[in-house]
Structures are given as C-alpha cells and as structure tokens.
Amino acid sequence: MNGIKVSVIVPTYNRLFELQSFVKSLEQAVGDHDVEILIVDDGSSDGTKEYFKKYKSQLDIKLLHQENTGPGAARNLGMTHSKGDYFLFIDSDCTVPQDYFTRIKKALSDHQYDAFGGPDTYREDFSPLLKAINYSMTSFIGTGGTRGSKKSVTKFYPRSFNMGISRKVYETIGEMGGLRHGQDMDYSARIYKAGFKVGLIEKAYVYHKRRTSLWKFFKQIFNWGVARINLSRLHPELLKPIHLAPAMLIVTLLSIFGLSIAFGWMREFLLLSAVAFGLLASIVMIQSLSWYKSISTSLLSIVTITIQILAYGLGLLYALIQIAIGKREAKGFVKHYYK
0 MNGIKVSVIV
10 PTYNRLFELQ
20 SFVKSLEQAV
30 GDHDVEILIV
40 DDGSSDGTKE
50 YFKKYKSQLD
60 IKLLHQENTG
70 PGAARNLGMT
80 HSKGDYFLFI
90 DSDCTVPQDY
100 FTRIKKALSD
110 HQYDAFGGPD
120 TYREDFSPLL
130 KAINYSMTSF
140 IGTGGTRGSK
150 KSVTKFYPRS
160 FNMGISRKVY
170 ETIGEMGGLR
180 HGQDMDYSAR
190 IYKAGFKVGL
200 IEKAYVYHKR
210 RTSLWKFFKQ
220 IFNWGVARIN
230 LSRLHPELLK
240 PIHLAPAMLI
250 VTLLSIFGLS
260 IAFGWMREFL
270 LLSAVAFGLL
280 ASIVMIQSLS
290 WYKSISTSLL
300 SIVTITIQIL
310 AYGLGLLYAL
320 IQIAIGKREA
330 KGFVKHYYK
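When we follow numbering that gives the first Met the number 0, the leftmost residue of the sequence shown carries the number 0, and every step to the right adds one.
Here it is, written out as structure tokens:
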C-alpha cells in the first residue's frame, strides 16, 4: 500500500470452510498491496492446520497455533508475530470486497488515522436468516448505528470483526485485555484514552456471515449484554442509556404484567402490548423488505430483532445480578467461546 505494510490477523477455531472463503477473497483484494496474512489457529480439530500447511497461494500467509484460549489471545499472538506498520483484525466468518485495501489506503492517506474500523454488511447470496441477522445488527432500529454508521447515537468504537491499528498504537498500549467478551471494545476505549486519532472508514466494509442459527445468535447477543456491564466497570463511558434500553423494556413489561394480574388489567395490557409489538414489527418488516426485497427475510427480521432485544436485555440483567452478589466479572454462556 505505497510503503505501508499491513498485517491481517485472523483468529480461527474449527472454521475451515469459512476460512477458505476468507482467504480466497483476500487473493482477489491484495493485488500489489504489501500485505501479510497471519492465521492464528486456536486449537482447531477440523484440519485447519494441515490444510494451510499444504495450501499454495501468492499471498504471504503465516500459520500460528495456540491451545484453545479464545480470539483475544489469538489476536495478541498474531500481533507479536506481525511485521506490518498496521495490524488489521478481521473475523474468519468474513470476506472482503476486491477494493478493500485500496479504500483503507485512501482513508489513511486522507486522515492519518492511528486506529480505525469499518462496518459489516451482507452479500446477495446470503441465506434469508443471515440477511435477517444482518438487518438486526446493522439497522438503526437494531443497534442505533453503533457498529459502523455515521448516523450513530453513540461514539464510534472499532470492533475486531473489521478493525485496524498502527504499530505505534500497539507499542504504546500493548496487547488486548483478558475479558472473555468485549476485548475489542476495551481495546478501542484504551486507544481513545491514549489520545490516538480514531476514525470510521465507512466504505471499508466486510461481508459478515455471523451466526447460522437463532439459538447461536441468542447466545452471542446475551454474552454481549453481559460484556457491556463488564466493560462499564473498566470504562464507565461505554454504558449509555441506549445500551440499558432493552433491559429497561423487559423490566417495564414484567412490572406492568404483574400489576395487570394483581389489578385485573390483563385484557388492557395484552391489547396495548399487541399494538406496540405490531407497530414495531410493521416498521421492521417494511424496512427489511425495502433492503432485501424478500418476504421471508423481512418476516425473519421481526424474529431476529425480537431475539436481539430480549437476549441483550437479559444478558445485562443477568450480569447486574452477578455483580450485585459479589462476582468480580460477570459471565454468560461459557461452555465454548465460539458456539
């Protein structure tokens, strides 16, 4: 990239099929740019290590291995072995457009960012469920624009599905911290506090497949709700009213439900709840339909938005209870990070 060497760091665990697509997209995007690829295998058992030992490519690919300790530790390992002027974190369930590095190069030339992030989006060949999850995660209704939009209700914090930092940032603030979830938000907050220039490169998007079932999606969002409370204890500025809204909604609905039983308001409560949900569902369906031109996707978007609100709110409440009873760090679903 005209004198700038970029190290792409991708942690992976039993994601060989997705990783193959990711690497193929890089082969189309790297071109003449000076890019090295560091694949950090987090203890996979699906043949990832064996596959890339034999893989032939024009790309400069390095395979690193660690015992299964999570993506945060994997990114840290990648940084210690990187030779680039910039480190670029991308998740293994992503692919990049052909002009991805060109767009980053232009933004760095124009703005001299020390750290940056880009949004995530969908490809036309994604399944209706993946498109519906994309709607939930990227629409203003779903996240308030916090994941990579200039129209955001909060400050932009780069996230590790599509995030870059300069070597100077790494040498100044060190590695990512040890949070099970939310290491990237913690890292971004530390970058801001160190006085570095941080920016959103809106055109440097990635195609993000995300979770492939509603249950996996629920667990992921629940854990993010838990992570928000842990993050707020390290960085109070990371907890805003918009983050508390799902939990407040759940508490309000349960309170009204209890009162309606006690005072005989059940019929009125159910009617008002149905009207409110119907209004939200109509807005979601219309907007999703305008995005994807698919009835099935728009109907699924209602389901994914509902799951997202419930999961995030429940995760927040669960974490608050854990902290209230003396837990040092709240934990969500912990059986395995990647599931």
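Where is the CB? At the ideal position from N, CA and C, for every residue including glycine. Note that this is a predicted model, so its numbers are computed, not measured.
Neighbourhood of TYR134 by C-beta, 6 Å cutoff - its chain only, sequence neighbours within 5 removed: As a working mapping, residue 134 is identified with position 135 in the sequence shown. Cβ within range, chain order: SER287 and SER300.
C-beta atoms of GLN97 and ALA203 nearer than 8 Å: Within the sequence shown, residue 97 is the residue found at index 98, counting from 1. Within the sequence shown, residue 203 is the residue found at index 204, counting from 1. No, they are not a contact pair.
Candidates SER91, PHE216 and ILE3, of which the one nearest GLN111 by Cα: Taking the sequence shown and counting its residues from 1, the one referred to as residue 111 is at position 112. Per the Cα distances, ILE3.
Residue interval of the beta strand (DSSP E) (run including GLY116): Within the sequence shown, the letter at position 117 stands for residue 116. Its beta strand (DSSP E) spans residues 114-116.
The beta strand (DSSP E) enclosing GLY163, as first and last residue numbers: Locating residue 163 in the sequence shown gives position 164, where the first residue counts as 1. Note, GLY163: beta strand (DSSP E), 161-165.
Residue environment, THR251, which counts as buried when at least 16 other CB atoms sit within 10 Å: By one-based count along the sequence shown, residue 251 stands at place 252. It counts as exposed.
Backbone CA spacing between HIS32 and SER56 [nearest angstrom]: Within the sequence shown, numbered from 1, the residue matching residue 32 stands at position 33. Within the sequence shown, numbered from 1, the residue matching residue 56 stands at position 57. The straight-line gap from Cα to Cα measures roughly 15 Å.
Spatial distance of ASP109 from THR47 (CA atoms): Along the sequence shown, one-based indexing puts residue 109 at 110. Along the sequence shown, one-based indexing puts residue 47 at 48. About 38 Å.
Rounded distance between the beta-carbons of SER44 and THR11, thought under 8 Å: Stepping through the sequence shown from its first residue, residue 11 is reached at position 12. Stepping through the sequence shown from its first residue, residue 44 is reached at position 45. Contact flag wrong, Cβ pair sits at about 12 Å.
Limits of the unbroken alpha helix (DSSP H) element including TYR186: Position 187 of the sequence shown holds residue 186. Residues 182-192.
Beta-carbon proximity of ILE341 to ALA114, cut-off 8 Å: In the structure as shown, the chain starts at 0 and stops at 338, and residue 341 therefore has no counterpart that could be examined.
Own chain, CB closer than 6 Å to ILE60, minus 5 neighbours either side, in chain order: For the purposes of this step, residue 60 is taken as the residue at position 61 of the sequence shown. Closer than 6 Å at the Cβ level, and outside the excluded window around ILE60, lie ILE36.
Chain B within 8 Å of ASP183, Cβ atoms only: In summary, chain B is missing from the structure at hand, where a single protein chain is found.
Contact under 8 Å by Cβ, VAL197 with PRO235: Here residue 197 corresponds to residue number 198 of the sequence shown, with the count starting at 1. Here residue 235 corresponds to residue number 236 of the sequence shown, with the count starting at 1. Going by C-beta atoms, VAL197 is not nearer than 8 Å to PRO235.
DSSP-derived helix/strand/coil call for PHE216: Numbered from its first residue, the sequence shown carries residue 216 at position 217. Of the three classes helix, strand and coil, the one that applies to PHE216 here is helix, per DSSP.
PRO245 and LEU315 closer than 8 Å at C-beta: Working through the sequence shown from its first residue, we reach residue 245 at position 246. Working through the sequence shown from its first residue, we reach residue 315 at position 316. Yes, they are a contact pair.
Beta-carbon spacing of TYR85, SER159 below 8 Å: Within the sequence shown, numbered from 1, the residue matching residue 85 stands at position 86. Within the sequence shown, numbered from 1, the residue matching residue 159 stands at position 160. Result no, Cβ atoms of TYR85 and SER159 do not sit closer than 8 Å.
Helix, strand or coil at LEU313 according to DSSP, with G and I counted as helix: The sequence position of residue 313 within the sequence shown is 314, counting from 1. Reduced to three states, the DSSP call for LEU313 is helix.
DSSP three-state assignment for PHE155, whether helix, strand or coil: In the sequence shown, the residue the question calls residue 155 occupies position 156. Secondary structure at PHE155: coil, using DSSP grouped into helix, strand and coil.
Buried versus exposed, by CB contacts within 10 Å (16 or more), TRP223: Counting from 1 along the sequence shown, the entry for residue 223 is found at position 224. Buried is the call here.
Proximity below 8 Å, CB of ILE200 to CB of ILE103: By one-based count along the sequence shown, residue 200 stands at place 201. By one-based count along the sequence shown, residue 103 stands at place 104. For the 8 Å CB-CB criterion, ILE200 and ILE103 form a contact.
Close Cβ partners of LEU25 (< 8 Å) along its chain, the five nearest in sequence each way excluded: Numbered from its first residue, the sequence shown carries residue 25 at position 26. Answer for LEU25: VAL7, VAL34, ILE36, LEU58 and VAL95, listed in chain order.
Buried versus exposed call for VAL333 [16 or more other C-beta atoms within 10 Å across all chains shown]: As a working mapping, residue 333 is identified with position 334 in the sequence shown. Exposed: under 16 other Cβ atoms inside 10 Å.
Proximity to TYR311 [Cα-Cα], best of ILE294, ALA273 and MET247: The count along the sequence shown starts at 1 and reaches residue 311 at position 312. Here the closest residue by C-alpha is MET247.
Cutoff 6 Å; reference LEU87; Cβ partners in own chain excluding five residues on either side: Within the sequence shown, the letter at position 88 stands for residue 87. So the list reads VAL5, VAL7 and GLY163, once near-sequence residues are dropped.
In DSSP terms, what TYR206 is bridged to: Position 207 of the sequence shown, counted from the start, is the residue given in the question as residue 206. Its beta-bridge partners are THR94 and THR120.
Beta strand (DSSP E) segment containing VAL5, residue limits: Residue 5 sits at position 6 when you count from the first residue of the sequence shown. Where VAL5 is concerned, the enclosing beta strand (DSSP E) stretches over 4-11.
Expected contact under 8 Å - CB spacing of ARG356 and SER91 to nearest Å: Absent from the model: residue 356. The displayed extent of the chain is 0 to 338, so no value can be given.
Under 8 Å between C-beta atoms of ILE38 and LEU76: Walking along the sequence shown from the start, residue 38 turns up at place 39. Walking along the sequence shown from the start, residue 76 turns up at place 77. Against a cut-off of 8 Å, the Cβ pair of LEU76 and ILE38 comes out as no contact.
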